[in-house]
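The working numbering puts the first residue of the sequence shown at 2, with every later residue one more than the last.
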Amino acid sequence: MPVEPTLTDAEWHAIAAHLRTPPTGRPHIDVRGDIARLLQAQALERPLQALFGRNTAAKLIVKRSRWREDGTWNEIEHAGQPAMERMRAEQLRALSRDPLIRLGLM
């Protein structure tokens, strides 16, 4: 399982500007972490369930579908491009340090 994804403060501020206030007026709960997980799955082109398990994946899929319905996900995805590029680069660096890959055994 990959390391828990994070967003830098700059990445988060760029993304947070596109989030709509929930109709209840309550603040978002761990939206930063959820968005980081969604962007990482997309950046690495891996299924959510493979990265984070069934329960977390189900929660994230519901959240993303709501954002897709109201158009928020497109804005998040666009603002999150630098984060996804960073996550891909981190994954490539981690893979390049794997001795089996370096020896051409994987």
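All C-beta atoms, glycine included, are put in the ideal place defined by N, C-alpha and C.
Worksheet item: Hey, how far is the Cα of residue 42 from the Cα of residue 56?
Response: Position 41 of the sequence shown, counted from the first residue, corresponds to residue 42. Position 55 of the sequence shown, counted from the first residue, corresponds to residue 56. Taking the straight line joining both Cα atoms gives about 15 Å.
Worksheet entry | Buried/exposed call for residue 62, threshold 16 Cβ in 10 Å | Locating residue 62 in the sequence shown gives position 61, counting from the first residue. Label assigned to residue 62: exposed.
Worksheet item: Looking at C-beta atoms only, is the number of pairs between the segment 86 to 100 and the segment 39 to 54 that lie closer than 8 Å three or more?
Response: Touching, yes.
Practice prompt. Please go through the segment 5 to 90 and give each complete alpha helix (DSSP H) segment of 4 or more residues, from N-terminal end onward.
Written response: Complete alpha helix (DSSP H) runs here, min 4: 10 to 17, 32 to 45, 49 to 53, 55 to 71 and 73 to 80.
Worksheet item: How many Å lie between residue 11 and residue 17 at the Cα?
Response: Here residue 11 is taken as the residue at index 10 of the sequence shown, counted from 1. Here residue 17 is taken as the residue at index 16 of the sequence shown, counted from 1. Each residue's alpha carbon lies about 10 Å from the other.
Worksheet item: Mapping DSSP to helix, strand and coil, what is residue 98?
Response: Mapped onto the sequence shown, residue 98 falls at position 97. Assigned with DSSP and collapsed to three states, residue 98 falls in coil, not helix or strand.
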